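Basically the numbering used here = 1-based index in the sequence shown + 4.
Even glycine gets a Cβ: it sits at the ideal position worked out from N, Cα and C.
Computed from a predicted structure; not experimentally measured.
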Amino acid sequence: MWNFSQTRPILWISAAILFLIGIALAAGGVWLVTLGGSWYYVIAAAGFILTAILLLLRRPAALLLYAAIVIGTLAWALWEVGWDWWALAPRGGVIILLGIWLALPWVTRRLVPQFGDRPPMFWRGAGLALTLALLIACGTALLSASHAAHAIEGSLPAATAAAAPPAVGTVAGADWRAYGGSARGERYSSLAEITPENAGKLQVAWTYHTGDIRGPNDTTETTYEVTPLKIGDTVYLCTPHDLVIALDAATGKERWRYDPGIKPSLSRQHQTCRGVSYSESPALAASTDCPRRILMPTSDARLIALDPETGKLCTSFADNGSLDLSANMPYWQPGFYYSTSPPVVTANLIIIGGSVNDNVSTSEPSGVIRGYDIATGALIWNWDSGNPDATAPIAAGETYTPNSPNSWSIMSVDESLGLVYVPMGNAPPDQYGANRSANTEKFSSSIVALDISSGRLRWVFQAVHHDLWDMDVPAQPTLVDLTIDGATVPALVQATKQGDIYVLNRQTGAPVLPVREEPAPGGAVEGDHAAPTQPIPALSFKPADLTERDMWGATMFDQLACRIAFRSLRYDGRYTPPSLQGSIIYPGNFGAFNWGGVAVDPVRQMVFAPPDHLAFVSKLIPRANPTTDYVSNGKPGFNENFGAPYAADMHAFLSPVGLPCQQPPWGYVAGADLTTGKTVWMHPNGTVRDLSPIPLPFRMGVPNLGGPIVTAGGVAFLSGTLDYYVRAYDVTNGRQLWESRLPAGGQATPMTYEENGRQFVVVVAGGHGSTGTKAGDSIIAYALPQG
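What follows is the structure, encoded as structure tokens:
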């Protein structure tokens, strides 16, 4: 008989909590089972409800039953995820905390043994059973916390014996003369003052504030992504609103600034500048002004030439120093076409692409690539992927092919081979490809090699067939000479959003490391199709396919919600097509790699890579009419796909409390051998200090947006993690050597240079609108102490 009158309030409260948890788990658990998921939550729900009933009856058996829940959960968790602390914690955290509560005297002493024995306590009877269960669970947790579940340990050689030192001028040294260090894009410096032995002594040498701060009228993706240049004794950089600033390289003191008068516009998807370009080509010697030039692409579709000494316009270039990139553009409207990345500069030409607003409509500007005379700004050639053989300058009054694949990222150039290498994006809409032309199918999401002098196509290599996932080739191709089987191979290293790294012969486009075609999921929406196979290179940081047991949360409750979401969405592995029910895209269009790319050490013949593993959801929304906003809040209508049958709802795959639904790590640093394709070491990287409501410095491995650099001293630098730190790593084994707190998000690629015999490392900390990191305007230089 139930004797409620003798049940103490503490038991009522405890039982109510357990009963409510049981009901919640039962509801979610039954839902999950109907979707084909785990039975654990239904079984656990029964245990919680029965424990609550036994507490109301004041029976010590409640503690025995709860001990069984603890041990059963532990066994189930170990079976699902092994000795992985961050995967075990949400499965058992709530259960252990409640178990500790139940084992304390204010609960146990109110329980009445059925046969008159003394009440249980945590050291005797049923209480002891619960205590032992909790000790086993906590001991397992402690052991798992010391287990590096996701690390690969190894060491790269100090140098590859057969590799020759890079030729003078092919890599950065005292100067950092191009976005990627050099026109080859290695992000490597021959400087070696900073080493693994002394990197821990780095300190701030100078700080500069640009004054360009994100404002209320700016688009969401107002971002600091700039990598400065260093030429002579001057550092050059741009800001999100396209201010160009020159600083003293030794002190950070401002020398001049140029303001192109960019007005905020919500029509632009991106308000950013990744960098400026520099030229001191002999072709400029005959110019009436500016024998050296800083070239600045703007977000209102201009290319501006400035005197690096004074910051004044080079009036002999184009129209009084400003080149109009909107010329001959179809469907022109302000804010829908601009360039966010610095152009490639050769002896005689400036070669530039541009960015279009993603997925607004099927009537977008062209993705044409153009080559201009470096001295005058005259158009020399244009490569239009919709009309790829007609590279002669377009006639006045004509327009390029609309809505064609574009190149918004950074190009590389090999003038000895006469080739410029162009990473290509997709044609909008990214998630629906039924009406794409043959040329769009050929050039989307590919690397294209063009003849520098004429713009003619020399070769193309496609990284994604019939791209339905916004898997643009996002990063600058890196050019490096590899020694393979005793022979020198002119290679190109290309990181992609899928986590793949292609190593190609840059002369021919043929793979240097093997690339195989693997079957890919089918079943695109009606009217469309999915490619039957996709290329997979030998060197890849693609994550393992997700399963239900990979679902995660801060607690068992949001983990259960993520399991339900996983079972409710479509997921057939990598390259699952977008769908009406919603599909999990993993890795998502944020990319395993994005514009920051990777860094290559040409001496060690290795790549330093910061891959991200973050799942997204892509859901197609049928468009009943051509004007309604289905997924946006008015103009310009990002992801509405006006003119297509579907809008696209795309977002990170998150739990109800805003955490990723797949378990950590979400970000790594890794080192791989480019001659074999072997990943030698790989470690989770970064903390959740700036991602959680409470600033806890848990090293869970967080996403990164921004690239690394490597140096001849054997040290790599990275600042793009979503916690606010710049870090230094030992290139040989990936060991973290040093970190320094940043005042804002560091979503940019660092650079390094030498001035007055001292090596500096420069980091930009201005934040990134789409990642939600703190905004700022800091340019910070680090160096070893003097003396």
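For this session: Counting only runs of 3+ residues fully inside the segment 644 to 728, write out the beta strand (DSSP E) ranges in chain order.
Result: 650 to 656, 672 to 677, 683 to 688, 713 to 715, 719 to 722
Problem set entry | Strand pairing of residue 386, partner residues [DSSP] | 374
For this session: Starting from residue 423, follow the beta strand (DSSP E) in both directions and report where the run begins and ends.
Result: 423 to 427
Problem set entry | Simplified DSSP assignment, three categories, for residue 98 | helix
For this session: Determine the burial state of residue 427: buried for a count of at least 16 other Cβ atoms within 10 Å of its Cβ, exposed for fewer.
Result: buried
Problem set entry | Secondary structure, beta strand (DSSP E): runs of 3+ residues fully inside the segment 230 to 262 | 233 to 235, 238 to 242, 248 to 252, 258 to 262
Exercise. Which residue from 338, 324, 199 puts its Cα closest to that of residue 272?
Worked result: 338
For this session: Consult DSSP for residue 414 and reduce its assignment to one of helix, strand or coil.
Result: coil
Problem set entry | Own chain residues within Cβ distance below 8 angstroms of residue 68, not counting five before or after | 130, 133, 134
Problem set entry | Start and end residues, beta strand (DSSP E) containing residue 488 | 482 to 488
Exercise. In whole angstroms, what separates the C-alpha of residue 293 from that of residue 258?
Worked result: 23 angstroms
Exercise. Do you know offhand how far residue 598's Cα is from residue 92's?
Worked result: 30 angstroms
Exercise. Rounded to whole angstroms, how far is the Cβ of residue 775 from the Cβ of residue 749, which I believe are closer than 8 angstroms?
Worked result: 7 angstroms
For this session: May I ask you to verify whether the segment 261 to 272 touches the segment 194 to 213, counting CB pairs closer than 8 angstroms and requiring at least 3?
Result: no
For this session: Using alpha carbons as the reference points, say which of 335, 350, 352, 361 lies closest to residue 343.
Result: 361
Exercise. For residue 762, which beta-bridge partners are listed by DSSP?
Worked result: 759
Exercise. For residue 743, which beta-bridge partners are listed by DSSP?
Worked result: 731
Exercise. What's the gap between the Cα of residue 191 and the Cα of residue 466?
Worked result: 24 angstroms
Exercise. Cα separation between residue 4 and residue 517?
Worked result: One cannot answer for residue 4 here, as it falls past the ends of the chain, which runs 5 to 791.
Exercise. How about the segment 146 to 162 and the segment 570 to 582: do they share at least three Cβ pairs that are nearer than 8 angstroms?
Worked result: no
For this session: Output the distance between the C-alpha atoms of residue 336 and residue 304, rounded to the nearest integer angstrom.
Result: 12 angstroms
Exercise. Closest by CA to residue 580, which one among 38, 246, 142, 529?
Worked result: 529
Exercise. What did DSSP end up calling residue 449 once you bin it into helix, strand or coil?
Worked result: coil
For this session: Reducing DSSP to helix, strand and coil, say where residue 783 ends up.
Result: strand
Exercise. What are the complete alpha helix (DSSP H) segments, minimum 4 residues, inside the segment 478 to 549?
Worked result: none
Problem set entry | Of the residues 458, 455, 479, the one placed nearest residue 449, counting alpha carbons only | 479
Exercise. Using the beta-carbon count (16 or more within 10 Å), is residue 492 buried or exposed?
Worked result: exposed
Exercise. Does the pairing of the segment 173 to 184 with the segment 106 to 119 give three or more beta-carbon distances under 8 angstroms?
Worked result: no
Exercise. For chain B, is any of its Cβ atoms less than 8 angstroms away from the one on residue 760?
Worked result: No chain B appears in the structure shown, which is made up of a single protein chain.
Exercise. What are the boundary residues of the beta strand (DSSP E) that residue 283 is part of?
Worked result: 281 to 283
Exercise. For residue 335, which beta-bridge partners are listed by DSSP?
Worked result: DSSP, once it has assigned bridges, lists no residue as partnering residue 335.
For this session: Determine the DSSP secondary structure at residue 471, reduced to helix, strand or coil.
Result: coil
For this session: Give the range of the alpha helix (DSSP H) segment to which residue 13 is assigned.
Result: 13 to 38
Problem set entry | Cutoff 6 angstroms; reference residue 218; Cβ partners in own chain excluding five residues on either side | 226, 779
For this session: Look at the alpha carbon of residue 673 and the alpha carbon of residue 94, and state the distance between them as a whole number of angstroms.
Result: 25 angstroms
For this session: Work out the CA separation of residue 333 and residue 403 for me, nearest whole Å.
Result: 5 angstroms
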